[in-house]
Amino acid sequence: MQIQTGLEAGVEGALLKADVRDLDFYYGSFHALKRVTMPVYDRKVTALIGPSGCGKSTLLRCFNRMHDLYPGNKYAGGGIVLQPDNTNLLSPDVDPIEVRMRISMVFQKPNPFPKSIYENVAYSLRVRGMRNKNELDDRVEAALKGAALWNEVSNRLNELGANLSGGQQQRLCIARALASDPEIILFDEPTSALDPIATASIEELVTELKEKVTILIVTHNMQQAARISDFTAYMYLGEMVEFGVTDQIFIKPTKKATEDYITGRFG
Amino acid sequence: MSANASAPSGSLPIGKGVSDRLSKKASRHVKERIIEFLLFCAAAFSVFVTVAIVWVLVKESWVFFEHVPLSDFLFDTQWTPLFDDAHYGIMVLLSGTITSSGVALLVAIPLGTIIALYLSEFAGFKVREIAKPFLELLGGVPTIVYGYFALTFLTPILQSIYPDLPGFNLLSAGLVMGIMIIPYVASLSEDAMRAVPMALREGSYAMGATRLQTALWVVTPAATSGIASAYILGISRAVGETMILAVAAGMQPNLTFNPTEPGATITSYIVQVALGDLPHGSIGYQTIFAAGLTLLLMTLAFNLLGYWLRKRFREVY
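These protein sequences, in sequence, are chains A and B. Note that numbering that gives the first Met the number 0 numbers the first sequence so that position 94 is 93, with each residue one more than the last. Note that numbering that gives the first Met the number 0 numbers the second sequence so that position 203 is 202, with each residue one more than the last.
Here it is as structure tokens:
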């Protein structure tokens with residue numbers, strides 16, 4: 000397959016976590032993803048780039064079945080095979096709730112629940128039925144530490160999440176996603192609503208998190224993709240144009256279209 | 000833009016067009032002032048009517064309280080203004096109002112909230128489009144119809160379960176009143192729930208929450224202020240409802256909090272006296288103003304509570 004070109008060096012030692020195979024997806028009659036194929040490697044950061052409307056957010060949201068929430072969204076062939084189960088997570092037989100329990104998500108705009116900081120993080124544990132107070136306390140603390148927020152909020156866990164600054168709210172949302180130990184975390188343009196300093200802290204966090212979780216990130220910011228990702232996928236008009244090791248994509252893309260987009264001649 | 004084209008050297012295009020525009024603006028200004036004044040009058044009218052109502056109630060009640068001490072009004076346990084041995088204990092009527100409203104709210108708040116949750120979070124587009132007009136129709140049924148529904152349909156059913164139930168009782172009236180209030184509670188609560196941004200629901204689903212968990216743990220708390228206003232409106236409707244109680248609850252003043260007894264409420268008492276043949280100006284007649292003022296103060300208190308709740312729990316999404 001063509002997309003494997005030049006990958007061998009970068010992939011060495013990396014395990015496959017999920018495998019997008021010939022995925023077709025429609026919004027009503029609009030063909031949003033056209034036979035998209037792409038590997039996702041375990042405990043690596045994979046960035047999805049491309050101009051608005053290219054389908055990168057659609058692809059990301061397929062990973063935790065967000066499209067199930069809206070009528071008219073149709074998955075129409077191919078699939079995303081999750082490892083080690085070797086199961087197509089888009090299959091109608093697979094319970095979307097189970098998928099989401101393993102593949103969590105952080106959104107473009109911080110969306111803390113109208114609850115305390117503590118309850119925001121505990122939410123993903125409570126939906127799994129965890130009731131033990133000590134266990135909850137430990138996991139909430141660990142998640143907040145994991146999201147580099149503990150030092151700022153440890154003495155005001157009972158305040159509303161909405162009282163935090165934008166960057167803190169986004170880290171709270173990351174802590175919320177982390178609390179349940181997901182296998183993959185999806186980031187949908189997580190810094191586009193944040194200032195440069197908050198952005199830097201989120202980027203640093205993403206780099207730390209990949210020690211433990213697989214990360215898939217949609218970004219409009221090319222420098223961000225270059226800074227934090229191990230692999231980059233360039234999409235255009237619902238098609239996967241090029242997938243490769245980030246350094247290779249940014250220094251020596253094999254496709255003219257990718258080069259034009261990355262150098263700013265287009266998009 | 001032809002002026003710009005003919006003056007490429009950069010000189011400002013000052014011409015006839017500009018002065019035309021200036022005079023037009025002046026006339027527009029006058030029109031705006033007239034319209035503003037008309038709008039102000041419309042707004043002032045509602046304020047004026049409210050003030051006038053309060054003034055009439057207070058003035059007439061004043062006459063009443065010149066004859067009846069406030070302590071009797073508040074603490075007497077009998078309400079017999081039409082008897083020779085007249086007593087004016089408002090608690091008697093208030094107990095009827097509280098009991099019937101309590102029964103109504105026990106029906107309307109749980110059912111209304113559940114309906115709102117279902118329509119907002121579970122029902123598909125088609126179900127909602129069909130169910131909501133029907134629900135709102137329920138609120139459009141004339142209350143006199145509800146009253147006879149309670150008296151001639153629900154009371155006999157209740158009597159077959161509980162034979163000691165009198166023909167007129169607060170229970171049957173309260174239950175039907177609850178049915179009448181459901182649409183208000185459900186419709187407003189549903190609006191509040193639907194106003195919760197999709198981003199919050201997505202956040203919840205992305206954590207692996209089920210629909211029910213999302214509805215109860217994220218949507219409902221986020222819509223608290225709107226749901227609270229819906230409840231307050233429901234309470235105000237219950238307290239102010241007249242016809243159902245006048246028809247189905249009997250109009251005997253009865254100091255009781257037992258819904259299986261007949262009773263008069265503030266509103267049904269006012270109807271009774273206003274339609275009766277008491278001479279204007281008699282103390283018996285003045286009682287309706289004192290009762291009306293009590294009712295007004297109650298609804299005012301609930302409105303203030305609702306206002307406070309809205310401010311206190313307003314969500315900044």
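Glycine included, C-beta positions come from ideal geometry on N, C-alpha and C.
- Sequence-ordered contacts of the segment 100 to 125 of chain A with chain B read M100, S103, M104, F106, K108, N110, F112, P113, K114, Y122 and S123 [C-beta pairs closer than 7 angstroms].
- Here A13 (chain A) has Y40, D41 and K43 as same chain residues with Cβ atoms under 7 angstroms from its own Cβ, once five neighbours each way along the sequence are excluded.
- For Y117 (chain B), there is no enclosing alpha helix (DSSP H), as DSSP marks it with neither H nor E.
- Apart from the 5 residues on each side of it in sequence, Q107 (chain A) sits with its Cβ closer than 6 angstroms to the Cβ of D187, E188 and S191 in its chain, given in chain order.
- Here DSSP, grouped into helix, strand and coil, assigns L89 (chain A) to coil.
- When DSSP assignments are scanned along the segment 92 to 122 of chain A, the uninterrupted stretches of beta strand (DSSP E) that are 3 or more residues long and fall wholly within it turn out to be 102 to 105.
- When only Cα atoms are considered, L274 (chain B) and L69 (chain B) end up about 26 angstroms apart.
- The beta-carbon of A208 (chain B) is placed less than 7 angstroms from the nearest beta-carbon of chain A.
- G249 (chain B) places its beta carbon less than 7 angstroms from that of F167 (chain B).
- If you look at G139 (chain B), you'll find it in the alpha helix (DSSP H) that goes F124 to G139.
- Taking all protein chains shown into account, L73 (chain B) has fewer than 16 neighbouring C-beta atoms within 10 Å of its C-beta and is therefore exposed.
- Under the 7 angstroms criterion on CB atoms, N72 (chain A) is classed as non-interfacial with respect to chain B.
- DSSP places Y145 (chain B) inside the alpha helix (DSSP H), whose first and last residues are T142 to F148.
- Under the DSSP assignment, G177 (chain B) falls in the alpha helix (DSSP H) whose first and last residues are L169 to R193.
- The beta carbon of D194 (chain A) sits closer than 8 angstroms to those of G165 and G166, all from its chain and outside the five residues before and after it, given in chain order.
- Judged by their CB atoms, V120 (chain A) and A141 (chain A) are not nearer to each other than the 7 angstroms cut-off.
- Look at I261 (chain A): its C-beta is not under 7 angstroms from any C-beta on chain B.
- Excluding its 5 nearest sequence neighbours in each direction, T96 (chain B) has C-beta neighbours in its own chain below 7 angstroms: V238, T264 and I265, listed in chain order.
- Residue contact check for Q212 (chain B) against chain A: a CB pair falls below 7 angstroms.
- Nearest CB-CB separation between I201 (chain A) and chain B: not below the 7 angstroms threshold.
- Contacts with chain B at 7 angstroms (Cβ-Cβ) do not include I248 (chain A).
- Residue-level contact by beta carbon holds for I96 (chain A) and chain B, with a gap shorter than 7 angstroms.
- One thing to note: T45 (chain A) has its Cβ within 7 angstroms of the Cβ of F230 (chain A).
- Those residues of the segment 54 to 71 of chain A placed with their C-beta closer than 8 angstroms to a C-beta in chain B are N63, M65, L68 and P70, ordered along the chain.
- Residue state for T286 (chain B) is assigned as helix, using DSSP reduced to three classes.
- Under DSSP, the beta-bridge partners assigned to T213 (chain A) are A:I183.
- For R127 (chain A), the neighbours in chain B by C-beta distance under 8 angstroms run, in chain order, G207.
- Any Cβ of chain A closer than 7 angstroms to the Cβ of V217 (chain B) would place that residue at the interface, and such an atom is present.
- Shown here for I282 (chain B): same chain residues with a beta carbon closer than 6 angstroms to its own, the five before and five after excluded, namely H66 in chain order.
- Under the three-pair Cβ rule at 8 angstroms, the segment 170 to 181 of chain B counts as touching the segment 102 to 109 of chain B.
- Chain-order list of chain B residues neighbouring R175 (chain A): M206, by C-beta distance under 7 angstroms.
- In this structure L185 (chain A) is not in contact with A146 (chain A), their Cβ atoms being roughly 15 angstroms apart against a cut-off of 8 angstroms.
- If you draw a 10 Å sphere on the C-beta of E202 (chain A), you find 16 or more other C-beta atoms in it, and that means buried.
- Taking a contact to require three or more Cβ pairs closer than 8 angstroms, the segment 111 to 130 of chain B and the segment 212 to 228 of chain B qualify as touching.
- The C-beta separation of V246 (chain B) from L157 (chain B) comes to about 15 angstroms, leaving the pair out of contact by the 8 angstroms criterion.
- Counting along the chain, no alpha helix (DSSP H) covers D23 (chain A); the unbroken beta strand (DSSP E) around it starts and ends at L15 to Y26.
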